[in-house]
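Data block below; observations after.
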Amino acid sequence: MKISTKGRYGLTIMIDLAKKHGNGPTSLKNIARENDLSEHYLEQLASPLRNAGLIKSIRGAYGGYILAKEPATINAGDIIRVLEGPITPVEGIEDEEPAKQALWMRIRDAVKDVLDTTTLEDLANHNGEQPEEGYMFYI
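All residue numbers for the sequence shown refer to the working numbering, where the first residue is -18 and numbers rise by one.
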């Protein structure tokens, strides 16, 4: 599974709003400038996030966007599904042999579990440190 720029930049918007939650609206222009991203592209991503009920727009001179819910109640999976669609590591697994189908489904379930148990609050409060045990990759 590959997360496109839609998902990555959408998470950027949402994490930024979570960090500023309770401090009034934040403009996409500020988010774009702080993260060196295209404001126009962020505007395209804000619409589906708003339609999904994850953010609210505030009009006016000091307007912008706010989270529609508390950061602890929005998870990364909610955001990724809105912007990327269903979480699937491989297309057309029904044509695969049973052993490979089982593998793809386990991978999908593991990714869904991580996305669905990671809240915006977790991401906004992340301090950049790696877990003590670190990650071990075997090839």
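Here a beta-carbon is modelled for each residue, glycine too, at the ideal position from N, C-alpha and C.
Pick from the options that is closest to residue i, judged by C-alpha positions
i        : options                            : result
Ile(-14) : Lys50, Asp76, Leu64                : One point to set straight first is that residue -14 is Thr, not Ile, in the sequence displayed. Closest by alpha carbon: Leu64.
Met(-5)  : Val95, Gly109, Asp103              : Asp103
Asn106   : Lys(-17), Ile(-16), Lys0, Tyr(-10) : Lys0
Gly34    : Trp85, Ala83, Arg62                : Arg62
Lys(-17) : Leu84, Asp94, Gly66, Asn32         : Gly66
Gly3     : Glu20, Arg14, Ala49, Gln25         : Ala49
Simplified DSSP assignment, three categories, for residue i
i        : result
Thr99    : coil
Thr(-14) : helix
Thr7     : strand
Lys1     : coil
Gly109   : coil
Glu78    : coil
Thr(-7)  : helix
Val71    : coil
Cβ pair residue i, residue j closer than 8 Å
i        : j       : result
Leu128   : Ala27   : Residue 128 lies beyond the residue range present for the chain, which begins at -18 and ends at 120; the question has no answer from this structure.
Ile39    : Leu23   : no
Arg87    : Ile68   : no
Ile60    : Leu(-8) : yes
Ile47    : Pro6    : yes
Tyr(-10) : Leu30   : no
Val71    : Trp85   : yes
Inset, instruction - Tell me the start and end of each unbroken beta strand (DSSP E) in the segment 14 to 57 that is at least 3 residues and wholly inside, in chain order. - result: 36 to 39, 45 to 48
Inset, instruction - Count the C-beta pairs between the segment 88 to 100 and the segment 43 to 59 that are closer than 8 Å, then say yes if the count reaches three, no if not. - result: yes
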